[in-house]
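Novice: In our numbering, the protein residues as written are 4 to 1165.
1. Please determine, among 450, 451, 458 and 111, the residue with the shortest C-alpha to C-alpha distance to residue 1.
2. Within this structure, are the beta carbons of residue 118 and residue 102 separated by less than 8 angstroms?
3. Do residue 685 and residue 696 come within 8 angstroms of each other at the CB atom, strictly closer than that value?
4. Which of the three DSSP states, helix, strand or coil, is assigned to residue 348?
5. Within 10 angstroms of the Cβ of residue 370, are there 16 or more other Cβ atoms? Answer buried if so, exposed if not.
6. Starting from residue 1005, trace the alpha helix (DSSP H) both ways and give me its first and last residue.
7. Skipping 5 residues on each side, what residues in its chain have a beta carbon closer than 7 angstroms to that of residue 180?
8. So, are the CB atoms of residue 361 and residue 409 less than 8 angstroms apart?
9. Go to residue 975, then tell me how far its alpha helix (DSSP H) extends in each direction, as first and last residue.
10. Roughly how many angstroms separate the alpha carbons of residue 934 and residue 812, rounded to a whole number?
11. With DSSP collapsed to three states, give me the class of residue 682.
12. Where do the N-terminal and C-terminal ends of the beta strand (DSSP E) with residue 1 fall, by residue?
13. Look up residue 410 in the DSSP assignment and say whether it is helix, strand or coil.
14. According to DSSP, residue 964 sits in a beta bridge with which residue or residues?
15. Given this structure, state the Cα-to-Cα distance separating residue 511 from residue 621, to the nearest angstrom.
16. Taking contact to mean at least 3 C-beta pairs separated by less than 8 angstroms, is the segment 420–436 in contact with the segment 76–94?
17. Within 10 angstroms of its Cβ, does residue 235 collect 16 or more other Cβ (buried), or is it exposed?
18. Evaluate residue 266 with the Cβ neighbour count: other Cβ atoms within 10 Å of its Cβ, from every protein chain shown; 16 or more gives buried, anything less gives exposed.
19. Could you pull out every residue in the same chain whose Cβ sits closer than 6 angstroms to the Cβ of residue 1, ignoring the five residues on either side in sequence?
20. Rounded to the nearest angstrom, how far is the Cβ of residue 194 from that of residue 141, given a contact under 8 angstroms?
21. Enumerated in chain order, which unbroken segments of the alpha helix (DSSP H) with a length of 4 residues or greater are wholly contained in the segment 641–689?
22. Taking the CB atoms as reference points, tell me whether residue 345 and residue 1050 lie closer together than 8 angstroms.
23. Confirm, please, whether the CB-CB distance from residue 628 to residue 547 is below 8 angstroms.
24. Please work out which residues of its chain come closer than 6 angstroms, Cβ to Cβ, to residue 1044, disregarding the five sequence neighbours upstream and downstream, and give them in chain order.
25. Please report the residue range of the alpha helix (DSSP H) in which residue 1042 lies.
26. Can the beta-carbon of residue 1008 be found closer than 8 angstroms to that of residue 978?
27. I'd like to know whether the C-beta atoms of residue 945 and residue 929 end up nearer to each other than 8 angstroms.
28. Ends of the alpha helix (DSSP H) at residue 179?
29. Should residue 239 and residue 198 be called a contact, given that it needs their Cβ atoms to be closer than 8 angstroms?
30. With burial defined as no fewer than 16 other Cβ atoms inside 10 Å of the residue's Cβ, what is the status of residue 939: buried or exposed?
31. CA-CA distance, residue 868 and residue 937?
32. DSSP on residue 1156, reduced to helix/strand/coil?
33. Residue 294: which of 983, 347 and 287 sits nearest, CA to CA?
34. Whole angstroms are fine: how far does the CA of residue 980 sit from the CA of residue 956?
35. Look up residue 49 in the DSSP assignment and give the residues it is bridged to.
36. When you compare only the Cα positions, how much space is there between residue 1029 and residue 44?
So this is what it looks like as structure tokens:
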């Protein structure tokens, strides 16, 4: 009995020891607090996506661009770039500057007019006027006027006061503007402009071609112009006597206000005479500007109007200067343009000096003062989308010598000619007073295979270097040719995913940069390239390795005669092909027929030596193979997209995974160390007889691959099932159970020989013809973003595809009893498994070049719910352990590089982690593992889990990373429901949880990334990159970093009129608009528009202050009431105390009275 009690006590004690770490304190001092976090948007880079309108302030020299999504970008000099938004998804159809007043008016597609104040660094809406019954089509704001003319779709014109944002009772109705004899509606108002010399005259243009010169004082139409064609725009001459119109038929007409019956001139600038003697039809002229020059001919500038005679004619801006006509062809469709002039006064010589042309995907500024009208070189980063962005990586606090190195190799290639020599004309605003104290780099990958490096240390994004990777590969075939070649092989097997090839085979989807060694790795859908950096030109012959990591079920469709006669291996190791060589399997049985399989790759590496200029040059290329089945109805089988890449410059190793498995490459010796399907990793990582696979999946191998036999039942008569080294992995299979093959026995082998470069790796293949097929999805979609799948799924069909989602090289502990760290590779999968692989590296120097790297199992595995997103390591003090890396050195000679490789790197002997008083139960490391659902902190080497947390229940984590901030670390997560969360480390206490960015676009999920010091970024549109910060220090310092938009300037004086000009032309008349449109005109139409207060209005601030004051008053009143109640309670307590004392004294007296009485005295 006592023995049983002792046993029970030992069990309970052990159970308590295992349970205690869940609530124990590891002793690490955590300095991050909740008030250290604040999420805010910082800077937006790139070209405004889907632009709709543009405007320019000629005094402040600021440019504003509106977009279809409601965004507003205000640009000044390079470094002054402010982004703001209207909130809802409404298009900005027109922008009007209050010239030199620090404000602008935006007109949106939801019939709302907004007044923006940008005198502060963050522009805010002051007032909003929302129209209810009429649609706004065009607005006009005269210079130095506070009355805005609003044209509507019904043809009416309303007057709005921009100071109070109220409508005037003065209305120009369409039925009063047109002739009484007209029986049809003139159409919407598309043009409003006042006469340059007489503001009393307002020119109203209707869509059907009717133009009315309206007298504001007399409230009558002075004259009407009936145009033969539909109207698109109107522009006054500065003298105010004539105006020019553009039409839908490509014509320009000029009218004199004294002769409204017929036009002064009619011309079609680009019309050509046809064979029938008639002019060919032309495209509409969407906009025309008539600008005068004091010492020269006036300029007529318009967009459109080109002839229809040739299909595909490019959009153009035409400049007519006297008798000369110049057509400036544009690369994209023209959205709008604005002419930059020296003066804001319309009755003076404008002296135009530039044209700002807003294209659909670009911003072009044309110099009008130089011969041939050259373009200005755009200093803004408007070419991020030169090729569609497919990947984005952000590195903050990188080494200080990295940006100068990239700039030095990129500046020599950026010498561009043909631009104007004059300075950039948009030069308003002032720079910020502070900048970021550390360098920041953006790296963007593009669909054409190019990679761009950007300096993101300031408000302006500056391109440093562009790497073109297309020259590494042979020119890909056209999509139509590839489809015709594959049409016969595809057949009915649509599930193979080969119905069409990737339209962008060179597109870059994954980027990894080692900032210390400057080694760059990037991957496309089925290829990976490792590049080294050099400041000199080099002649390089690119080395390539070809892989096949396809994993198929061999238990579904087997040929029964082969099951008993052939050994079925447990490892689906696929044959590696290096440098274009293939392993051939010989057989003595000539009558043994097999299906011939050919391997095919989406990209092919160019052979031979090629010259690469200073910068990055390719060092190794890894390509995944397609399996081409020649059987009828079988097509090319997609190898699966590469899902994650990682490399370690100190180890000289590269690892990448795809949707089916993992490959480890020694890029120093150009050999493959490991190539396994993901389910086989469980078998590989198991020391015992059996697999660590939680789903108990059977062994698999590529289908239609068969080893010919020599009749004795062994594969490849020259090979026996004994220990056979596979690039450092020793496999000794046994064949005791024919129906279910046991797992192989794994052990380390001594690196006694080096495999030759051209030798193919040994592979154990399945000797049958069956197997399941690959179920391909959209190959254009990178697999770096995948939705969460529950780790409790038990169906073999659902778990047969387990992608590699995370890879980390690190010196860590692999076993519970380890006292030393060793190089390891931590592998995270899409089903929540974390597998640790041990790497045995030879000593540095010549032995590293001669002896192979040994890859061996550790027997360690962890399981989490959801796909693994990130893994990081902390020391016993909670400090982030950086990845060991090799410093960059210039080695122009490749042979010399090999000889000096790793001479100065860290020794790869086992290391002991430094001891400290803060060690947690003897553990010296923490590994932080975060999945789509939860996060865990595991102490090493004991492998206990002291802390864990569930991040989300109903959603899933899109991106997660362990980042440094304020000399500490935290786990930052972006959840699909739009929340940004942060947790302390190692305790995983919540520090931040805020709703910030809903995941409404898969582009955000692909490109969202965290970086050091509380930075993050994502591709907010196809052409823009948004930087955000979740650091309170950065948010507080943001206003100092941003530039000032408004700076006080003197408004140019009005032009002086000569005596004789005033005598004969009556000079420039004035108009008291306040008297005409003010209170005397009455109240505006009832129910036509609603006024809303913006966040920047004084009334809004007063309301906020009053609401705050009322809250304080309520709190004060509640405090007084509470004090009164406490006083009453005190009084009642005092009365109760007095009653208690009286009762006690009476009780004592009564007790004393009867204390000495005998029983007989009662």
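Where is the CB? At the ideal position from N, CA and C, for every residue including glycine.
In this text, all values refer to a predicted model and were calculated from it rather than measured experimentally.
Specialist: From the atom records:
1. Any question about residue 1 goes unanswered here, given that the chain covers just 4 to 1165.
2. no
3. yes
4. coil
5. buried
6. 1005–1010
7. 207, 215, 217 and 224
8. no
9. Looking at the DSSP string, residue 975 is not in any alpha helix (DSSP H); the run it does join, the beta strand (DSSP E), is 971–978.
10. 18 angstroms
11. helix
12. Here the chain has residues from 4 to 1165 only, and residue 1 is not among them.
13. helix
14. 975
15. 15 angstroms
16. yes
17. buried
18. buried
19. No statement about residue 1 is possible, as the shown extent of the chain runs from 4 to 1165 and does not include it.
20. 6 angstroms
21. 681–687
22. no
23. no
24. 435 and 437
25. 1041–1044
26. no
27. no
28. 177–180
29. yes
30. buried
31. 7 angstroms
32. helix
33. 347
34. 11 angstroms
35. 1027
36. 7 angstroms
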